[in-house]
Amino acid sequence: MSEQFSTQNALVHLDNVGVYRDGKWLVRGVTFDVHPQEIVTLIGPNGSGKSTSVKAALGVLSPTEGQVVRQSDLQVGYVPQKFALDWTLPMPVKRLMNLTQKHSHAEIERALELVGIAHLKSSNVQSLSGGETQRALLARALLMQPDLLVLDEPVQGVDFAGEIALYDLIKTIRDETGCGILLISHDLHVVMAQTDTVICMNGHVCCRGTPKLVAESDEYRRLFGARAAQSLAVYEHDHDHTHLPDGRVLHADGSIHEHCDHSHDAPREKEPH
Amino acid sequence: MAIFDDFFMRALVAGIGFALVTGPLGCFIVWRRMAYFGDTMAHSALLGVALSFVFNLNLMVGVIAVALMVSVALLVLEKRQSLSADALLGILSHSTLALGLVIVSIMSSVRIDLMGLLFGDILAVTTADIQMVYGLGAIVLAVLIFFWRPLVAATVNVELAQAENMKPQRSRFVLMILLALLIAIAMKIVGILLITALLIIPAATARRFALTPEIMAVLASVLGVVAVIGGLYGSLHYDTPSGPSIVVAALVIFLISLVPKNLFGAKNQPVEARHD
């Protein structure tokens with residue numbers, strides 16, 4: 239946790255959260271906070287519990303163990319990962335903007351312009367491309383004037399240039415509105431440079447730290463060069479163990495322990511236990 | 002009022018009131034892919050009627066109670082995930098219908114107009130029935146309008162609705178109750194076997210011409226009213242059963258709507274809204 243963010247004013251606080259469904263732990267021992275103005279990025283392989291943790295943070299899933307504390311009257315703007323709209327439901331983009339709350343025409347116009355799809359406001363949501371859908375969903379979330387903006391893989395279906403533009407936009411939103419941002423990255427290796435805290439998950443929180451430390455490291459330059467240094471940063475490490483359904487840990491050497499040892503991770507801070 | 006002296010006018014007025022309510026509710030059935038669910042709740046109405054006679058309850062209370070029990074049973078069984086939802090619906094749908102028929106046949110003391118329950122007897126509606134249709138119908142519509150935004154939000158994306166405090170579980174529960182109420186209203190008008198048809202067909206017809214969910218809901222009501230009027234006059238003219246005639250009229254409107262627009266001389270445009 240960065241020293242600029244204290245636990246007291248956290249928008250949402252997860253304390254040792256575990257979610258058990260259908261005979262296995264989807265995620266266990268997750269502890270993190272999101273503060274105003276903080277960008278937190280979750281990375282990790284498929285099925286590592288990123289979405290599950292976010293859903294627990296939002297109250298979409300109720301945790302089996304541990305505690306989730308949300309600030310009272312927390313206004314959330316949510317961009318879901320999967321958004322498949324049934325064809326039978328006619329839904330122009332401008333109507334989607336009013337999905338959970340009504341906004342004025344001027345506000346909607348401005349939000350759509352901000353994400354660059356003002357020309358699509360009368361189009362049916364079902365006819366949008368993946369990237370356009372993501373932008374529309376982001377505009378909708380922004381209109382909520384959220385304290386906490388939650389984005390589950392916001393750049394899926396967006397090309398590389400669009401990806402950088404979207405990340406820039408997310409940074410601008412944070413700077414202008416001061417909201418906290420919780421982001422799931424679709425790419426294990428690439429995260430926003432503006433991320434304050436990267437949390438790597440693998441069925442639990444593996445490690446956490448700032449991406450800048452990594453971006454400056456030799457390892458990062460070797461992997462990505464100067465190409466993406468402006469907008470992108472990398473936080474790379476290896477998973478040397480897997481988590482068994484009962485919560486124990488299977489290490490690469492075949493040994494099984496109650497806990498995992500993360501001393502190999504370079505830039506990280508102490509877990510607040 | 003004088004017009005209510007005529008059985009045909011009473012049928013028209015009751016049918017129109019009923020169609021106004023099925024339009025918006027039917028849209029949710031179509032959007033949420035709940036057609037089979039609606040069918041199951043409707044079929045359970047016969048068991049509700051039978052049990053009302055057994056326990057000497059008000060007919061409406063029995064029907065609504067059994068319909069709600071069936072939907073709760075479905076929720077519980079779905080959670081156990083031993084069978085797929087459609088198999089569970091099939092079991093509940095036909096077993097409640099069969100149970101209802103068996104219980105009705107056992108009770109030799111009461112005479113029940115089975116055909117009337119299954120296929121409706123709109124020409125027999127009384128002034129009291131009309132009051133019931135409009136009273137309960139107004140309640141259903143008022144609740145729908147009150148919960149409109151959360152209902153649409155939960156239909157679009159459950160997780161998004163949950164995250165932004167729209168309480169999608171409550172929306173689902175509200176829809177179930179409204180559906181149970183509507184089925185109770187529908188028994189006399191189209192009967193429990195045809196109620197789903199009047200929920201789905203006008204909504205499906207409206208989809209093609211609607212640009213927003215709200216327009217689709219209103220349009221479905223209008224098309225339902227047209228179907229009721231057309232069906233009732235058709236049944237009068239051809240001496241056909243009234244409930245099925247209304248459904249056939251709705252079907253005819255649906256089929257007409259399938260004719261490509263450019264056959265009417267309109268410009269050669271795709272039906273879907275285009276984007277630049």
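These protein sequence lines map, in sequence, to chains A and B. Residues in the first sequence are numbered from 239 upward in steps of one, following my numbering. Residues in the second sequence are numbered from 2 upward in steps of one, following my numbering. C-beta: ideal position from N, C-alpha, C; glycine also.
Can you check DSSP and say which residues form a bridge with residue i?
| i | result |
| --- | --- |
| Asn362(A) | Pro330(A) |
| Val227(B) | According to DSSP, Val227(B) bridges with nothing at all. |
| Arg171(B) | Looking at the DSSP assignment, Arg171(B) forms no beta bridge with any residue, so it has no partner. |
| Tyr258(A) | Trp263(A) |
| Glu303(A) | Gly256(A) |
| Cys445(A) | Cys438(A) |
| Arg308(A) | Val250(A) |
Whole angstroms is fine: what's the gap from residue i's alpha carbon to residue j's?
| i | j | result |
| --- | --- | --- |
| Gln313(A) | Glu414(A) | 16 Å |
| Ala548(A) | Ile355(A) | Residue 548(A) falls outside the range modelled here, since chain A spans only 239 to 511, and no answer is possible. |
| Thr326(A) | Asp406(A) | 35 Å |
| Val31(B) | Gln275(A) | 42 Å |
| Ser85(B) | Thr433(A) | 43 Å |
| Val249(B) | Asn57(B) | 36 Å |
| Gly16(B) | Ala139(B) | 14 Å |
| Ile254(B) | Pro328(A) | 20 Å |
| Ser291(A) | Gly297(A) | 10 Å |
| Leu176(B) | Ala125(B) | 29 Å |
| Leu98(B) | Leu48(B) | 6 Å |
| Asn247(A) | Gln309(A) | 8 Å |
| Val77(B) | His357(A) | 46 Å |
| Pro384(A) | Ile92(B) | 45 Å |
| Pro318(A) | Leu52(B) | 45 Å |
| Val388(A) | Val144(B) | 31 Å |
| Glu370(A) | Arg348(A) | 16 Å |
| Ile184(B) | Ser367(A) | 40 Å |
| Ile277(A) | Lys288(A) | 15 Å |
| Val331(A) | Pro392(A) | 17 Å |
DSSP three-state label for residue i, please.
| i | result |
| --- | --- |
| Leu323(A) | coil |
| Gly315(A) | strand |
| Ala504(A) | Bear in mind that the predicted position of Ala504(A) carries a pLDDT of just 40, short of 50, making it too unreliable to give a figure here. |
| Val268(A) | strand |
| Asp7(B) | coil |
| Val219(B) | helix |
| Asp434(A) | coil |
| Asp122(B) | coil |
| Glu457(A) | For Glu457(A), the pLDDT reaches just 46, beneath the cut-off of 50, and the residue's location in the model is therefore unreliable, leaving the point undetermined. |
| Ile422(A) | strand |
| Val278(A) | strand |
| Asp390(A) | strand |
| His251(A) | strand |
| Thr41(B) | helix |
| Lys340(A) | coil |
| Ser96(B) | helix |
| Met35(B) | coil |
| Cys417(A) | coil |
| Gly400(A) | helix |
| Ala211(B) | coil |
| Thr23(B) | helix |
| Leu376(A) | helix |
| Ile355(A) | coil |
| Leu58(B) | coil |
| Leu237(B) | helix |
| Val191(B) | coil |
| Met116(B) | helix |
| Gln163(B) | helix |
| Asp385(A) | coil |
Is residue i near the ligand NAD, in the sense that its beta carbon is under 7 Å from a heavy atom of that ligand?
| i | result |
| --- | --- |
| His341(A) | Within the structure as shown, the ligand NAD is missing, as the structure has no ligands at all. |
I believe residue i touches residue j by the beta-carbon criterion, under 8 Å. Please report the beta-carbon distance rounded to the nearest angstrom.
| i | j | result |
| --- | --- | --- |
| Ser258(B) | Thr206(B) | 5 Å |
| Val272(A) | Val265(A) | Not really, about 16 Å apart at Cβ, beyond 8 Å. |
| Ala377(A) | Met335(A) | 7 Å |
| Cys28(B) | Ala218(B) | 5 Å |
| Phe19(B) | Val134(B) | 6 Å |
| Ala294(A) | Leu420(A) | Not really, about 12 Å apart at Cβ, beyond 8 Å. |
| Leu118(B) | Val50(B) | 6 Å |
| Phe54(B) | Met10(B) | Incorrect: roughly 31 Å between the Cβ atoms, too far for contact. |
So, does the stretch 247 to 267 of chain A touch the stretch 289 to 308 of chain A, judging by three or more C-beta pairs under 8 Å? Flag = yes, the stretch 247 to 267 of chain A and the stretch 289 to 308 of chain A touch.
Is it a yes or a no for the stretch 220 to 231 of chain B touching the stretch 22 to 42 of chain B, going by three-plus beta-carbon pairs under 8 Å? By the criterion of at least three beta-carbon pairs nearer than 8 Å, the stretch 220 to 231 of chain B is in contact with the stretch 22 to 42 of chain B.
Counting Cβ pairs, one atom from each stretch, are 3 or more of them under 8 Å apart for the stretch 157 to 169 of chain B and the stretch 332 to 342 of chain A? The answer is yes - the stretch 332 to 342 of chain A touches the stretch 157 to 169 of chain B, with three or more Cβ pairs under 8 Å.
Indicate whether the contact test is met: 3 or more Cβ pairs, each with one atom in the stretch 66 to 78 of chain B and one in the stretch 197 to 212 of chain B, closer than 8 Å. As far as the Cβ criterion goes, the stretch 66 to 78 of chain B does not touch the stretch 197 to 212 of chain B, which means the pair count is below three.
Touch test, the stretch 36 to 44 of chain B against the stretch 140 to 156 of chain B, Cβ-Cβ under 8 Å, three pairs minimum: Flag = no, the stretch 36 to 44 of chain B and the stretch 140 to 156 of chain B do not touch.
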